[in-house]
Amino acid sequence: MSPIRKRGEEMVTLEVVKNSHMVEQYMQIGNAYIGNIGAIEHDLHHAEQTSQLCSEILEKLNFPAREAELAAIAGFLHDIGNLVNRYGHGMSGAIMAFYLLLDLEMDTEEIATIMGAIGNHEEQAQGKSINNVAAALILADKSDVHRSRVRKTEMSAFTPRDRVNYAVTGSRLVVMPEEKTIRMEIDIDNEVCSVMEYFEIFLTKMLMSRRAAEYLGCRFELLINNNRLL
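According to this note's numbering, the sequence shown is numbered sequentially starting from 30.
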């Protein structure tokens, strides 16, 4: 990244973004909207977890602290576009982030970095790791899989994606800087779905994660129930 050029007197931090009442409202309303169509939870907990993991990935790989901060901001805001529509929410979220961060007087290049990351985190939109922040966001977002995010209570109403999310009882993203390896570890209840079914349904997510790890100069490993699939 080129040297920081601030529009305001101080750099915009994650805390500044989180303290924006407008940001919080947009995210909560968007999560409620997609809840009406039965989509899994994309609440503040998911935003916080993704944000923290985004920054941890870049910090552990010794990227600049400010870049890790930008990743944290992108991670927190990445699903804000759900307010517009679940499908294509990365694109609409990038535009929303542009106006929100512009209003906070963030540096132009930093806004561009965050916009590019948010606009490229969706596998349905063929998102790519266009910068380090985007790569970290892809890895963090795709690793947050757990049955607690499934809203539906009747398994008979589950879609295939609901079922594989519900099958996950634990997930971890392990960054090993010395080995230049990023490992996604997932625990699955085989009574809900098989390991191969999970892999087949989420194959696009996993391949996207592998490319993101490679963009950051790392090898990607996927372990499901301690069995290596990638």
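Beta carbons are placed, not taken as given, at the ideal position from N, Cα and C, and that holds for glycine.
Hey, how far is the Cα of residue i from the Cα of residue j?
{"i": "Gln78", "j": "Thr188", "result": "25 Å"}
{"i": "Glu139", "j": "Asn91", "result": "19 Å"}
{"i": "Asp72", "j": "Pro206", "result": "30 Å"}
{"i": "Asn149", "j": "His107", "result": "10 Å"}
{"i": "Gly110", "j": "Gly145", "result": "14 Å"}
{"i": "Met30", "j": "Ala186", "result": "Residue confidence for Met30 is low, a pLDDT of 45 falling below 50, so the modelled location carries little weight; the figure read from the coordinates is stated next. Distance between the alpha carbons of Met30 and Ala186: 47 Å."}
{"i": "Ala61", "j": "Leu131", "result": "26 Å"}
{"i": "Pro32", "j": "Asp173", "result": "Here the model assigns Pro32 a pLDDT of 44, short of 50, so the residue's position is not dependable, and the following value carries that caveat. In a straight line, the C-alpha of Pro32 is about 32 Å away from that of Asp173."}
{"i": "Arg178", "j": "Gly64", "result": "11 Å"}
{"i": "Arg34", "j": "Ser200", "result": "With a pLDDT of only 47 at Arg34, under 50, the local geometry of the prediction cannot be trusted, and no value is derived from it."}
{"i": "Thr210", "j": "Leu245", "result": "10 Å"}
{"i": "Leu259", "j": "Met235", "result": "9 Å"}
{"i": "Gly37", "j": "Ser238", "result": "Caution is warranted here: a pLDDT of 49 is assigned to Gly37, below 50, making its placement in the model unreliable, and no coordinate value can be reported."}
{"i": "His118", "j": "Gln54", "result": "16 Å"}
{"i": "Ser121", "j": "His74", "result": "21 Å"}
{"i": "Leu112", "j": "Met56", "result": "7 Å"}
{"i": "Ala164", "j": "Met184", "result": "33 Å"}
{"i": "Asn255", "j": "Arg95", "result": "35 Å"}
{"i": "Arg190", "j": "His175", "result": "11 Å"}
What do you reckon, are the CB atoms on residue i and residue j nearer than 8 Å?
{"i": "Leu168", "j": "Val52", "result": "no"}
{"i": "Cys83", "j": "Leu166", "result": "yes"}
{"i": "Leu43", "j": "Glu98", "result": "yes"}
{"i": "Arg240", "j": "Glu250", "result": "no"}
{"i": "Leu41", "j": "Phe105", "result": "According to the sequence as given, residue 41 is Val; it is not Leu. It is not a contact, given that the beta carbons lie outside the stated cut-off."}
{"i": "Gly67", "j": "Arg180", "result": "yes"}
{"i": "Val204", "j": "Tyr227", "result": "no"}
{"i": "Ile159", "j": "Ala126", "result": "no"}
{"i": "Asp218", "j": "Ala196", "result": "yes"}
{"i": "Gln153", "j": "Tyr116", "result": "yes"}
I'd like to know if residue i contacts chain D, where contact means its C-beta is closer than 8 Å to some C-beta of that chain.
{"i": "Leu82", "result": "Of the protein chains in the structure, only one exists, and it is not chain D."}
Where do the ends of the beta strand (DSSP E) carrying residue i lie?
{"i": "Arg212", "result": "Thr210 to Ile217"}
{"i": "Ser262", "result": "The chain is shown from 30 up to 259; residue 262 falls before or after that span and cannot be answered."}
Report, in whole angstroms, the separation of the C-beta atoms of residue i and residue j, which I expect to be a contact under 8 Å.
{"i": "Val162", "j": "Ala103", "result": "5 Å"}
{"i": "Thr233", "j": "Asp216", "result": "Not really, about 21 Å apart at Cβ, beyond 8 Å."}
{"i": "Ile253", "j": "Val224", "result": "5 Å"}
Just reading off the alpha helix (DSSP H) that residue i is part of, what are its end residues?
{"i": "Val45", "result": "Leu43 to Lys47"}
{"i": "Phe249", "result": "No alpha helix (DSSP H) contains Phe249, which is instead part of the beta strand (DSSP E) from Arg248 to Ile253."}
{"i": "Thr188", "result": "Careful: Thr188 lies outside any alpha helix (DSSP H) and carries neither H nor E."}
{"i": "Phe228", "result": "Val224 to Ile230"}
{"i": "Phe105", "result": "Ala94 to Leu106"}
{"i": "Tyr116", "result": "First-last for Tyr116: undefined, no H or E at that position."}
{"i": "Val221", "result": "Val221 -> no alpha helix (DSSP H), and no H or E assigned at all."}
{"i": "Lys89", "result": "Leu73 to Lys89"}
{"i": "Met56", "result": "His50 to Gly64"}
Is it the case that the CB of residue i approaches a heavy atom of the ligand MN more closely than 7 Å?
{"i": "Gln54", "result": "The ligand MN is not part of the structure shown, which contains no ligands of any sort."}
- Message: Restricting to runs no shorter than 4 residues, where is the alpha helix (DSSP H) found entirely within the stretch 120-177?
- Response: If we require 4 residues or more, the alpha helix (DSSP H) runs fully inside the stretch 120-177 come out as 137-147 and 161-172.
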